[in-house]
Amino acid sequence: MVMNIITSILVMSGMVALGFAIGMLFNGIARKVVARIHNRVGPPVYQGYIDVFKLFSKKTNISHGWIFDLAALFSVGGIALTFLFLPVAGVSMLSGEGDLFLILYLIAIPALGFALGAGASGNPNAAVGMMRALMMMLAYELPIAMVIVAMMVYYNTTSLAGIVAMQSNLKWAIGIPPFLIGALVADMALQGMLMEKPFDIPLAPHEIATGPLVEFGGKHLGSIILYKMMGTVVETTLFVDLFLGGGVVLNVNQFGWFAYLVNFIVWFVLILVVFLIAVIINAVFPRFRIEQALKFYWKYDALVALFILFWIFSGVMV
Amino acid sequence: MLVEIFITMLILALVAAALNKYPKISGIVTFFASLIPFLVVISWSQDIGLSFPQFLKFFTLEKSLNYNIGIATFMLKITPLGWFFLLLLASAFPMAILFSITFIKKNAGGFYAAMITSMIGSMGILLAQDILSFYMFWEIMSWSILALVMRSHDKKAIMSYLSFGVLSAMLILLGIMLLYSETGTFVFSEMGFMANNTTLIALSLLVSGFAVKGVLVPMHVWAPYVYSRSEEPFVAFLSGGLSKLGYFAMILFMYSVVGISVLNSWGTFRDVSIFGYTLAFIGALTAFIGTVLAIMQDDLRKLLAYSSIGQLGYIAIGIGIGTPLAMTGALFQALNHTFFKSALFLAAGAVYYRTGKWKISELGGLGYKMPFTFLAVLFAIFALAGIPITSGFAAKWLLYEAAIQKKFLFITPIMLIAGVGAFLYSYKILYGVFLGEPRHNVKEAPLSQLAAMWLLVLPLIIFLIFPGWFVDLTSPILKWYGLMPISHTPYTITTSLAAYNTLAVILALIGGLILAFALYFSKPQKVVPHTDNYLAGEPPELYEHISMHAASKYYEPFDEVFYPFFKRGAEMCWMAILKFVKILGEGARAIYTGIVNDYSIYILIFFLLLVGWWLIW
């Protein structure tokens, strides 16, 4: 009993560490890829590690009071918490203890913590950026909520681990016609979730000085950047779990540790591909204004999602 | 014993009114009076089948009371449903009074007397076992609310409450008359129903009458005016406590009086009655519209009023679906709403008490000045937005699960998006009032106000950790309606679709926070004021006279997108009806010319008609 708990705590700590490591790596990859598309040399792939290490070893750290510090605490703590509730490469850490609705609300904990810190800094740029970030959230949440509800009804479970289990033996959701379209809808929403162009107006470095991030520096910025990097892993994993079977290709009961290894590699490749699609779109697009983004998601993306809902609805009725 | 309790409260109301000149003493007397319902409800806990410890039995109370007045018998009895809602009201009521001790200064005696009368009315409604006593107590409650609304001296608030109150009373009365003509009895338990159209019409009238108290769209028009103009302790009780009576009455009449089999006989959709489905759909619409309108508001009280409308919509969804999951979710949402909305309205009152301002754009930076108020608001907002750090999430989760279980593909996304919209207006409160540029040099709120807010936040934290305790609390109600209580342990709730383990969430959060703390304490830090900010190279002196608080028109792009859709709201619709009634009234009034000759001609015409009719017949 005690051994089990210690083992699971160790496994979860290791997974969180892996998540952070992959997040930092992805940051470097994204910068390199964008630089190559722009015909620049770009920073090395390990630049993410250098950045985080540098920020946490700064000597002067400026805070704006204890509410400001909540951002650093809740952003890292909250995103680690969210990661634990996702099934990663078929390993369901805590995903049996909660479901997809819980994950959708858990993602809000680090975001809200970050928002508290940004607001507490008292910089108007931060407030404007936060307003845009929240509106962006409202915008992309409608299409993705519709697709997720359609999937829940189709698979008759709200558990993400359950949805992944239903897609075992390579019966990926993307192979079902309504969910192929659903994956496209969700990929557009993912673009906003990751705050990549054309939906990066909340940060908009040239306009509002990176918005919510403007007052953060030193270890505070380090925490926020860790949250953002882990956020990319969490969001791409969510996408892969929903549409690409969570990267599970081999049955663990049948192949043992070798299955874990293969599954992790497949999961890593899949989230990298999903992330690279977002990065490549990011590299070539200008940005939408916030009301344009809202209209895009609620008019076009949500309309397609509504079509999927009707498709599933007609299936349920029969 | 029950009569004595009513009489004691009435006497204490008179004492409070008599002590009008000494607001604090009057408040303290009322506070003791307000504890009576709470002690009563705890004493009843064993009678409805809950295993509360014996020492919590303060009174030995009879379970029922019949009071004969010759032509009819008033029947009062405690039922599980009434007990649960009485628990909510009786917990929120003392907190509102505790807050008012320091808040209400002008004509306090009248305020306290009316508050106690509204509580007496509510107790009567929750205990009523026949239509007559139900309606009588309903009117006592409604009129004491009117007395409290009148204190605002705001014509729009008073008129809108009065007109919608009368509309509600008329709808309920019509429904009651139809029910009586159909069954020939006033007693709930003796009513046997036929599944015919008369019952359907009667039930629709009743539910739309109760929807006025429960502020469902399109009956919500009065709420923003009343909530935003009246005194905060009263509004906290009105929104947190009294609005639940509408939902109590809906459950009572839909599932207790008329019954699920009659509801189902009017047609079902995926095993949910069409009647319930319509109610659920209206609830979802209410949640969405309330949320969008809340995002647009600048007045703190109006924002809270619209958010209250939005959150109450969720209860209607649960009642409409009516499965064990949905009912538990609806009752859980009712409990959460009672506590977090009361706390939020009281916090708004505390902010006003210290700063004298209601507009979000004029406030700012109070978080460091009033830290305990801020933390209470933060927890209340976690509950409102459904962040899993308070019990707010469990209620919404149950409702989502219930909707997915019934494969409601269109209601669920509306609920989800209304949930996300709640983040937007929550952040508007947090940023606009408590964060950003400090503009007021004020002290923390007085102790009685802080105590009231924190006592209201406490249950939200307790039921976060032990949602199973809440399910235990509602299982007598579900058994009463012949439904199976949902499977649970103190920490977990399990449905056919998924499970939710609060202990795992809390432990994982603590683990994540340990990691974050380790990173946070790695280096020392220096705290600077907000003036030491990045201002794009401009010297801070330039900004001495310019506000750096960006809260004015905070969601302007959002307003621009949604304003065209909400320009013609429900209020314009009601205004059109009002105009029509006015024209009709003007036409009818034209008959009364005031000239004797005209009246004699009317009499002549009437007489001729009478004679003509007699001749023909």
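Protein chains in written order, with our numbering: chain A, 1 to 318; chain B, 319 to 935.
The C-beta atom is built at its ideal place from N, Cα and C for all residues, glycine as well.
Note that the structure is a prediction, hence the values are computed from the model and not measured.
| field | C-beta contact flag for residue 101 of chain A and residue 401 of chain B at 8 Å | value | Annotated as distal: residue 101 of chain A and residue 401 of chain B, with beta-carbon spacing of 8 Å or more.
| Proximal residues of chain B, C-beta to C-beta of residue 184 of chain A below 8 Å | The premise fails here: residue 184 of chain A is roughly 18 Å from chain B at the closest Cβ pair, so nothing lies under 8 Å.
| request: Tell whether a beta-carbon distance below 8 Å holds between residue 743 of chain B and residue 613 of chain B. | output: Contact: yes.
| CB contact check: residue 759 of chain B to chain A, cutoff 8 Å | It does not: the Cβ of residue 759 of chain B has no partner Cβ on chain A nearer than 8 Å.
| query | Three or more beta-carbon pairs under 8 Å between the segment 839-852 of chain B and the segment 119-126 of chain A, yes or no? | reply | Flag = yes, the segment 839-852 of chain B and the segment 119-126 of chain A touch.
| task | Just list the alpha helix (DSSP H) runs in the segment 452-504 of chain B, keeping only unbroken ones of 4 residues or longer that don't cross its boundaries, in chain order. | result | Scanning the segment 452-504 of chain B for uninterrupted alpha helix (DSSP H) segments of 4 residues or longer gives 473-501, listed from N- to C-terminal end.
| Taking one C-beta from the segment 62-74 of chain A and one from the segment 97-117 of chain A each time, how about it: are there three or more such pairs within less than 8 Å? | Contact between the segment 62-74 of chain A and the segment 97-117 of chain A is present, because at least three Cβ pairs lie under 8 Å.
| So is residue 322 of chain B buried or exposed if we call it buried at 16+ other beta carbons inside 10 Å? | It counts as exposed.
| field | Span separating the alpha-carbon of residue 453 of chain B from that of residue 472 of chain B | value | Straight across, the Cα-Cα distance linking residue 453 of chain B with residue 472 of chain B is about 28 Å.
| task | Identify the continuous beta strand (DSSP E) that holds residue 395 of chain B and give its terminal residues. | result | Residue range 391-395 is occupied by the beta strand (DSSP E) that includes residue 395 of chain B.
| said: Let me make sure I understand the geometry here. Which of B:798, B:731, B:610, B:319 has the alpha-carbon closest to that of residue 308 of chain A? | reply: The candidate whose alpha carbon is nearest that of residue 308 of chain A is B:731.
| field | Candidates A:110, A:311, A:143, of which the one nearest residue 295 of chain A by Cα | value | For residue 295 of chain A, the nearest C-alpha among the options comes from A:143.
| query | Which residues in the same chain as residue 318 of chain A place their Cβ atom closer than 8 Å to its Cβ, once the five residues preceding and following it in sequence are excluded? | reply | Caution is warranted here: a pLDDT of 48 is assigned to residue 318 of chain A, below 50, making its placement in the model unreliable, and the coordinate value is therefore given only provisionally. None.
| query | When the Cα atoms are used, what is the spatial distance from residue 769 of chain B to residue 759 of chain B? | reply | Those two C-alpha atoms are separated by around 22 Å.
| Measuring CB to CB, does residue 562 of chain B end up less than 8 Å from residue 639 of chain B? | Taking C-beta atoms as the reference points, residue 562 of chain B and residue 639 of chain B fail to come closer than 8 Å.
| For residue 624 of chain B, which residues in chain A fall below 8 Å Cβ to Cβ? | In chain order: nothing, as chain A lies at least about 16 Å away.
| Beta-carbon proximity list for residue 344 of chain B, same chain, < 6 Å, skipping 5 on both sides | Once the five neighbours on either side are set aside, the close Cβ partners of residue 344 of chain B are 334, 337, 426, 427, 430.
| query | Would you call residue 27 of chain A buried or exposed, if buried means 16 or more other Cβ atoms sit within 10 Å of its Cβ? | reply | Under this definition residue 27 of chain A is a buried residue.
| query | So with Cβ pairs under 8 Å, would you call residue 58 of chain A a contact of chain B? | reply | Output row for residue 58 of chain A: interface = yes.
| Does the Cβ-Cβ distance between residue 304 of chain A and residue 185 of chain A come in under 8 Å? | Cβ atoms of residue 304 of chain A and residue 185 of chain A: closer than 8 Å.
| request: Name, please, each residue of chain B whose Cβ falls closer than 9 Å to the Cβ of residue 313 of chain A. | output: The contacting residues are 725, 727, 728.
| Alpha carbon to alpha carbon, how far is residue 10 of chain A from residue 644 of chain B? | Using only the alpha carbons, I get a separation of about 38 Å.
| request: Quick one: which residues of the segment 100-114 of chain A get their C-beta closer than 7 Å to a C-beta of chain B? List them in chain order. | output: Residues passing the 7 Å Cβ filter: 101, 102, 105, 106, 108, 109, 112.
| request: Check each residue of the segment 665-698 of chain B: if its Cβ is closer than 9 Å to any Cβ of chain A, include it; give the result in chain order. | output: Residues of the segment 665-698 of chain B with a C-beta less than 9 Å from any C-beta of chain A: 682, 683, 685, 686, 689, 692, 696, listed in chain order.
| Option in B:695, B:793, B:399 with minimal Cα separation from residue 441 of chain B | Nearest of B:695, B:793, B:399 to residue 441 of chain B, Cα basis: B:399.
| query | From residue 981 of chain B to residue 485 of chain B, what does the alpha carbon distance come to, in whole angstroms? | reply | Residue 981 of chain B lies beyond the stretch modelled for chain B, which goes from 319 to 935, so this question has no answer here.
| message | For a cutoff of 8 Å on Cβ pairs, would you count residue 931 of chain B as touching chain A? | response | With a threshold of 8 Å between beta carbons, residue 931 of chain B makes no contact with chain A.
| request: Give every residue of the same chain whose Cβ lies closer than 7 Å to the Cβ of residue 222 of chain A, excluding the five residues on either side of it in the sequence, and list them in chain order. | output: 52, 55, 56, listed in sequence order.
| query | Sorted by chain position, which residues of the same chain lie with C-beta nearer than 6 Å to residue 37 of chain A's C-beta, five sequence neighbours on each side aside? | reply | 283.
| message | Suppose contacts are defined by Cβ-Cβ distances below 8 Å. Is residue 252 of chain A in contact with residue 65 of chain A by that definition? | response | With contacts defined by Cβ atoms closer than 8 Å, residue 252 of chain A and residue 65 of chain A do not form a contacting pair.
| query | Any chance the segment 765-783 of chain B sits against the segment 354-367 of chain B, with 3 or more Cβ pairs inside 8 Å? | reply | Judged by Cβ distances under 8 Å, the segment 765-783 of chain B makes no contact with the segment 354-367 of chain B, as fewer than three pairs qualify.
| message | Determine whether the beta carbon atoms of residue 535 of chain B and residue 663 of chain B lie at a separation below 8 Å. | response | No, the pair does not count as a contact, with Cβ atoms beyond the cut-off.
| query | Got a sec: is the Cβ-Cβ distance from residue 131 of chain A to anything in chain B below 8 Å? | reply | By this cut-off, residue 131 of chain A is an interface position.
| field | Inter-stretch contact (C-beta, 8 Å, three-pair minimum) for the segment 556-570 of chain B and the segment 525-544 of chain B | value | With the cut-off at 8 Å, the segment 556-570 of chain B and the segment 525-544 of chain B touch.
| query | Which chain B residues sit within Cβ distance under 8 Å of residue 121 of chain A? | reply | Those within 8 Å of residue 121 of chain A in chain B are 848, 851.
| query | Nearest to residue 182 of chain A by CA position, among A:167, A:210, A:165, A:242, is which residue? | reply | With distances taken between Cα atoms, residue 182 of chain A lies closest to A:242.
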